[in-house]
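*Asks:* Quick one: the structure is below, and I'll ask about it shortly.
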Amino acid sequence: MAAENLLRTEALTKTYAMGDIHVHALRGIDLEIRKGEFIAIMGASGSGKTTFMNLLGCLDKPTSGSYTLDGVDVHHMDDSAITQVRNRKIGYVFQSFYLLPRTTALENVELPLLYSQHVHARDRHQKSLHALETVGLADRAKHFPNQLSGGQQQRVAIARAIVNDPVFLLADEPTGNLDTRTSVEIMAFFQKLHAAGKTIILVTHEFDISQYASRIITFRDGRIISDVPNPTPHNAEQDLQKLPRLDPEEEE
Amino acid sequence: MSVPGIIRIALKSLMRNKTRTFLTMLGIIIGVAAVITMIAIGQGAKKVVDDQISSMGTNVIMVMSNFTNTQNTARQAAGTGNTLEEEDVPAIRSQVQGVLYTSPVYNTFGQLKYGSNNWRGRIMGVDVEYFLIRDMKIDSGDLFYSSEVENGAKVCVLGKTVADNLFGGVDPVGKIIRIRNIPFTVKGVLKSKGQNMMGSDQDDVVLAPYTTTATRLMGHRWRFLTIMVSAESKDRIPLVQQDILNLLQARHRGTTSEDFSVSSQTEVAEAANTVSNTMTILLASIAGISLLVGGIGIMNIMLVSVTERIKEIGIRMAVGAGKRDVLLQFIIEAVTISILGGLIGIALGWGASEFLGKSMDWSVAVTPWSIFLSVGFSCAIGIFFGWYPARKAANLNLIDALRYE
Ligand SMILES: Nc1ncnc2c1ncn2[C@@H]1O[C@H](COP(=O)(O)OP(=O)(O)OP(=O)(O)O)[C@@H](O)[C@H]1O
Ligand SMILES: [Mg+2]
Numbered sequence: 438m439a440a441e442n443l444l445r446t447e448a449l450t451k452t453y454a455m456g457d458i459h460v461h462a463l464r465g466i467d468l469e470i471r472k473g474e475f476i477a478i479m480g481a482s483g484s485g486k487t488t489f490m491n492l493l494g495c496l497d498k499p500t501s502g503s504y505t506l507d508g509v510d511v512h513h514m515d516d517s518a519i520t521q522v523r524n525r526k527i528g529y530v531f532q533s534f535y536l537l538p539r540t541t542a543l544e545n546v547e548l549p550l551l552y553s554q555h556v557h558a559r560d561r562h563q564k565s566l567h568a569l570e571t572v573g574l575a576d577r578a579k580h581f582p583n584q585l586s587g588g589q590q591q592r593v594a595i596a597r598a599i600v601n602d603p604v605f606l607l608a609d610e611p612t613g614n615l616d617t618r619t620s621v622e623i624m625a626f627f628q629k630l631h632a633a634g635k636t637i638i639l640v641t642h643e644f645d646i647s648q649y650a651s652r653i654i655t656f657r658d659g660r661i662i663s664d665v666p667n668p669t670p671h672n673a674e675q676d677l678q679k680l681p682r683l684d685p686e687e688e689e
Numbered sequence: 003m004s005v006p007g008i009i010r011i012a013l014k015s016l017m018r019n020k021t022r023t024f025l026t027m028l029g030i031i032i033g034v035a036a037v038i039t040m041i042a043i044g045q046g047a048k049k050v051v052d053d054q055i056s057s058m059g060t061n062v063i064m065v066m067s068n069f070t071n072t073q074n075t076a077r078q079a080a081g082t083g084n085t086l087e088e089e090d091v092p093a094i095r096s097q098v099q100g101v102l103y104t105s106p107v108y109n110t111f112g113q114l115k116y117g118s119n120n121w122r123g124r125i126m127g128v129d130v131e132y133f134l135i136r137d138m139k140i141d142s143g144d145l146f147y148s149s150e151v152e153n154g155a156k157v158c159v160l161g162k163t164v165a166d167n168l169f170g171g172v173d174p175v176g177k178i179i180r181i182r183n184i185p186f187t188v189k190g191v192l193k194s195k196g197q198n199m200m201g202s203d204q205d206d207v208v209l210a211p212y213t214t215t216a217t218r219l220m221g222h223r224w225r226f227l228t229i230m231v232s233a234e235s236k237d238r239i240p241l242v243q244q245d246i247l248n249l250l251q252a253r254h255r256g257t258t259s260e261d262f263s264v265s266s267q268t269e270v271a272e273a274a275n276t277v278s279n280t281m282t283i284l285l286a287s288i289a290g291i292s293l294l295v296g297g298i299g300i301m302n303i304m305l306v307s308v309t310e311r312i313k314e315i316g317i318r319m320a321v322g323a324g325k326r327d328v329l330l331q332f333i334i335e336a337v338t339i340s341i342l343g344g345l346i347g348i349a350l351g352w353g354a355s356e357f358l359g360k361s362m363d364w365s366v367a368v369t370p371w372s373i374f375l376s377v378g379f380s381c382a383i384g385i386f387f388g389w390y391p392a393r394k395a396a397n398l399n400l401i402d403a404l405r406y407e
């Protein structure tokens, strides 16, 4: 399938200035990603993965280089257009969830819809509930983040990322804080979303996790050192069957 | 996103911090309540003054000799002809346009006696039109007539205070009292007028025909006449005043306009109004300062809440909130606090004014403009003091905000 290009970066760099010291977090990234890919980004700590993800997610701006998203150069977009892109095209899943405290799971999932011009108030509830169902947490809609386990919080965060039906999903170490079984569960969601046509870019430290993706990119010192396809990705759903159930809370 | 949506978000976040919201509001509540109450007190005082001024009568003009302008006393004054004379009264009446009523007035003090009861009171010698000028009503009995004035009849009408003190419970009408040992028949008792602006009792007075007063009660030398005039309408007062002055100068040779004073009730009213307005402004500005402090309180809390919610702002922006959305949210939060505080403040201030009015027997008047003023002011405070923290929130760098711990 000759899928069209979703995004392309050329000579993308990011330098953090800390007083006199300049940290070259990214030293020129050239990358093309097509629609429907499931990519795992690996690399040592400090190699620039999060920095790169932040640029892809339009959370931050590059020092130099270009980033073309859906045929549009992000550099030429103004603040409000970038806000629109963040809201409409990108779903971001953070390593530390970033749910609003004292706000129910459902309200957290509703958040992107609140800031979206395209969603009517009456659809908001429906859509959010549906997203929560997708991640299997419909029964926790009224719970606050501090009443949820880490895995559940991450699933709420994923529901929030997909609720606005984004073009692609960015996940920065979504399983970094989770146990093996919960991690595989999360990966099963991603594979399901991928099967449904979503483009997914995921950062991980764990080799096992990267094996669920269909393309694996490795960073070192702000550069890409390898970019290989994974023709035989593992199936998370099947792996889940083999794993013992450890977490009794997940049973109910 | 839509403004109603942001209002919802702002209200929710206020609800999430009820105590903080309320404490912030408290500054505005107290400020607005203070402004309303202070203005109510000031305006109440003004109303009292206004009522008292109108109790003086309608469109009243007072004509007096200015003895103080000549070096010596009355004797010299009489010599130079700057003393008012009884003949001036009919002259004013017939020669000045726009005059409605006139009355000569002699003022004196004297011992009043009924049986064994004594009272020292003010005695005024007046013509019958005086009652019309001063808008005096009879409570029991009757006023005296023109014929009695012409004949110099020994009759009088008592103010309520005098009647109460001389007669106790007895009906004074038809009784004979002694004024400076001269017997006068009491024809009637006046309706109470209460205190005047200067706090003296307007009911502590005996009114007798000016003819009788002049001949029987006052020595020739000490007979100083004032003339009371009422103008046909308020607009005519300045003209009538000027005409009277001109007439008097013409009638009394060798006098200047300095020798007579022709003052009107409007002038008194204006002077009194200036005083009470100054008082209102003073009270309101003191209260306004507390409103300002309340506003700074809002800014303070909003700033704290921006810092406290940096991460929240980052999360909101990461999922698609724009600068404008964040700006609006924080401004709406500030404005909501100040408007809600303003409304509660109005209710509280209103209540406090009524309470003061009842319990302290003060005259208070809650005016619509003081309500508009404080509502407008509290909105302005919300926007003004909410702006800076809101700007600060909206200009946060997204990544820094997300990473903030
Ligand atoms: N805001 C910042 N200011 C200064 N330096 C930064 C900032 N963010 C990242 N860096 C530096 O940039 C480099 C890349 O950081 P980045 O967070 O992208 O690494 P990473 O690959 O995500 O690491 P990890 O696997 O530990 O999350 C690091 O050396 C880091 O110290
Ligand atoms: Mg990272």
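Chains as they are written, first to last, in our numbering: chain A, 438 to 689; chain B, 3 to 407.
Glycine is no exception: its CB is placed at the ideal position from the N, C-alpha and C atoms.
(1) Please list the partners that B:L400 has in chain A, where partner means a Cβ-to-Cβ separation under 8 Å.
(2) First and last residue of the alpha helix (DSSP H) that includes B:D327?
(3) Do B:V207 and B:V172 have their CB atoms nearer than 8 Å?
(4) Could you check what DSSP says for A:L536 in three-state terms: helix, strand or coil?
(5) Check whether chain A comes within 8 Å of B:K360, counting only Cβ atoms and requiring the distance to be less than that.
(6) Taking 7 Å as the cut-off, does the CB of A:K564 come closer than this to any heavy atom belonging to ligand 2?
(7) Going by C-alpha to C-alpha distance, which of A:F489, A:D507 and A:G508 sits closest to A:S501?
(8) For B:P391, is the classification buried or exposed, using 16 other Cβ atoms within 10 angstroms of its Cβ as the cut-off for buried?
(9) Which residue from B:P6, B:S56 and B:T26 puts its Cα closest to that of B:N275?
(10) Whole angstroms is fine: what's the gap from B:L241's alpha carbon to B:K139's?
(11) Flag this pair as yes or no: are the beta carbons of A:T617 and A:L677 separated by less than 8 Å?
(12) If you follow the alpha helix (DSSP H) that A:F581 is in, where does it begin and where does it stop?
(13) Taking only three categories from DSSP, how would you classify A:E469?
(14) If we count Cβ pairs, one from each stretch, closer than 8 Å, do we get three or more for the stretch 573–582 of chain A versus the stretch 532–544 of chain A?
(15) Look at the alpha carbon of A:D560 and the alpha carbon of B:I339, and state the distance between them as a whole number of angstroms.
(16) Which residues bound the beta strand (DSSP E) around B:V277?
(17) From the DSSP output, in three-state form, read off A:L630 for me.
(18) To the nearest angstrom, how far is it from the Cα of B:R10 to the Cα of B:T280?
(19) Measuring from each Cβ to the nearest heavy atom of ligand 1, keep the ones under 5 Å and list them in chain order.
(20) So the candidates are A:H642, A:R464 and A:Q675; which of them puts its Cα closest to the Cα of A:M479?
(21) Determine which residues of the stretch 304–337 of chain B have a Cβ less than 9 Å from any Cβ of chain A, and write them out in chain order.
(22) Let's test the definition: count the other Cβ atoms within 10 Å of the Cβ of B:T21 and tell me whether it reaches 16, buried, or not, exposed.
(23) Measuring alpha carbon to alpha carbon, tell me which residue in A:L449, A:G483, A:F626 and A:I458 is nearest A:D467.
(24) Can you tell me whether A:E544 sits near ligand 3, meaning its C-beta is under 7 Å from at least one heavy atom of the ligand?
(25) Which of the three DSSP states, helix, strand or coil, is assigned to B:Y147?
(26) Out of curiosity, what's the CA-to-CA distance linking B:S118 and B:D205?
(27) Closer than 8 Å, Cβ to Cβ, to anything on chain B: give me those residues from the stretch 508–526 of chain A, in chain order.
(28) Taking 7 Å as the cut-off, is the C-beta of A:D507 nearer than that to any heavy atom in ligand 2?
(29) For B:V151, tell me which candidate among B:M64, B:A210 and B:G344 has the shortest Cα-Cα distance.
(30) With 8 Å as the threshold, decide whether the Cβ of A:N583 is near any Cβ in chain B.
(31) With a threshold of 16 other CB atoms inside 10 Å of the CB of B:L25, please say whether the residue is buried or exposed.
(32) Could you tell me if B:L284 is buried or exposed, where buried requires 16 or more neighbouring beta carbons within 10 angstroms of its beta carbon?
(33) Which partner residues does A:A705 have in the DSSP bridge list?
(34) With a threshold of 8 Å between beta carbons, is A:P549 in contact with chain B?
(35) Here's the rule: buried if 16 or more other CB atoms are within 10 angstroms of the residue's CB, otherwise exposed. What is B:H254?
(36) Strictly below 7 Å CB to CB, what residues from chain B border A:L537?
*Replies:* Let me lay it out:
(1) Taking the second sequence and counting its residues from 1, one reaches residue 400 of chain B at position 398. Within chain A, the residues near B:L400 are L496 and D497.
(2) Taking the second sequence and counting its residues from 1, one reaches residue 327 of chain B at position 325. For B:D327, the enclosing alpha helix (DSSP H) stretches over residues K325 to S361.
(3) Position 205 of the second sequence, counted from the first residue, corresponds to residue 207 of chain B. Position 170 of the second sequence, counted from the first residue, corresponds to residue 172 of chain B. Not a contact, by the Cβ cut-off of 8 Å.
(4) In the first sequence, residue 536 of chain A corresponds to position 99, counting from 1. Coil.
(5) Here residue 360 of chain B refers to the residue found at position 358 when the second sequence is read from its first residue. The C-beta of B:K360 comes no closer than 8 Å to any C-beta of chain A.
(6) Your numbering for residue 564 of chain A matches position 127 in the first sequence. No - ligand 2 has no heavy atom lying nearer than 7 Å to the Cβ of A:K564.
(7) Here the question's residue 501 of chain A lines up with position 64 in the first sequence. Taking the Cα of A:S501 as reference, the smallest distance to any Cα among A:F489, A:D507 and A:G508 is reached at A:F489.
(8) Numbered from 1 along the second sequence, position 389 holds the residue referred to as residue 391 of chain B. Buried: at least 16 other Cβ atoms inside 10 Å.
(9) One-based indexing of the second sequence puts residue 275 of chain B at position 273. Measuring C-alpha to C-alpha distances from B:N275 to each of B:P6, B:S56 and B:T26 identifies B:S56 as the nearest.
(10) What you label residue 241 of chain B is simply residue 239 of the second sequence in a count that begins at 1. What you label residue 139 of chain B is simply residue 137 of the second sequence in a count that begins at 1. Take the alpha-carbon of B:L241 and the one of B:K139: they are about 29 Å apart.
(11) Here the question's residue 617 of chain A lines up with position 180 in the first sequence. Here the question's residue 677 of chain A lines up with position 240 in the first sequence. 8 Å or more divides the Cβ of A:T617 from the Cβ of A:L677.
(12) Residue mapping note: residue 581 of chain A aligns to position 144 of the first sequence, counting from 1. Note, A:F581: premise wrong, no alpha helix (DSSP H); not H, not E.
(13) Residue 469 of chain A sits at position 32 when you count from the first residue of the first sequence. A:E469 falls in the strand class under three-state DSSP.
(14) The way I'd put it, the stretch 573–582 of chain A does touch the stretch 532–544 of chain A; three or more beta-carbon pairs between them come closer than 8 Å.
(15) Along the first sequence, one-based indexing puts residue 560 of chain A at 123. Along the second sequence, one-based indexing puts residue 339 of chain B at 337. In this model, A:D560 and B:I339 are separated by some 30 Å (Cα to Cα).
(16) Taking the second sequence and counting its residues from 1, one reaches residue 277 of chain B at position 275. For B:V277, there is no enclosing beta strand (DSSP E); the enclosing alpha helix (DSSP H) has its first and last residue at Q267 to E310.
(17) As a first step, residue 630 of chain A must be located in the first sequence, where it is residue number 193. In this structure, A:L630 counts as helix in the three-state DSSP scheme.
(18) Stepping through the second sequence from its first residue, residue 10 of chain B is reached at position 8. Stepping through the second sequence from its first residue, residue 280 of chain B is reached at position 278. The alpha-carbon atoms of B:R10 and B:T280 are separated by roughly 44 Å.
(19) The filter returns A:Y453, A:V460, A:A462, A:S482, A:G483, A:S484, A:G485, A:K486, A:T487 and A:T488, in chain order.
(20) Here residue 479 of chain A corresponds to residue number 42 of the first sequence, with the count starting at 1. If we check each option's Cα against that of A:M479, A:H642 comes out closest.
(21) K313, E314, G316, I317, R318, M319, A320, V321, G322, A323, G324, K325, R326 and D327: these are the residues of the stretch 304–337 of chain B whose beta carbon lies less than 9 Å from some beta carbon of chain A, given in chain order.
(22) Locating residue 21 of chain B in the second sequence gives position 19, where the first residue counts as 1. B:T21 should be labelled exposed.
(23) Here residue 467 of chain A refers to the residue found at position 30 when the first sequence is read from its first residue. When only C-alpha atoms are compared, the closest one is A:L449.
(24) Among the ligands in the structure shown, ligand 3 does not appear; only ligand 1 and ligand 2 can be found there.
(25) Along the second sequence, read from residue 1 onward, the residue named residue 147 of chain B stands at position 145. DSSP, reduced to helix, strand and coil, places B:Y147 outside both helices and strands of the structure shown, so it counts as coil.
(26) Numbered from its first residue, the second sequence carries residue 118 of chain B at position 116. Numbered from its first residue, the second sequence carries residue 205 of chain B at position 203. Take the alpha-carbon of B:S118 and the one of B:D205: they are about 21 Å apart.
(27) Of all residues in the stretch 508–526 of chain A, only D516, S517, T520, Q521, R523, N524 and R525 come within less than 8 Å of chain B when Cβ atoms are compared, listed by chain position.
(28) By 1-based counting over the first sequence, the position of residue 507 of chain A is 70. Because no heavy atom of ligand 2 lies under 7 Å away, the Cβ of A:D507 does not count as near it: no.
(29) Translated into positions along the second sequence, residue 151 of chain B becomes position 149. Looking at the Cα atoms, B:A210 is the closest of the given residues.
(30) For the purposes of this step, residue 583 of chain A is taken as the residue at position 146 of the first sequence. Not an interface residue.
(31) Mapped onto the second sequence, residue 25 of chain B falls at position 23. Counting other Cβ atoms within 10 Å of its Cβ, B:L25 stays below 16 and is therefore classed as exposed.
(32) Residue mapping note: residue 284 of chain B aligns to position 282 of the second sequence, counting from 1. Classified as exposed, B:L284 has fewer than 16 neighbouring CB atoms from the shown chains inside 10 Å of its CB.
(33) Outside the modelled stretch of chain A, which goes from 438 to 689, sits residue 705 of chain A, for which no answer is possible.
(34) Mapped onto the first sequence, residue 549 of chain A falls at position 112. At a cut-off of 8 Å between beta-carbon atoms, A:P549 makes contact with chain B.
(35) Start at 1 with the first residue of the second sequence, and residue 254 of chain B comes out as number 252. Buried is the call here.
(36) Within the first sequence, residue 537 of chain A is the residue found at index 100, counting from 1. Correct list: E314 and I317.
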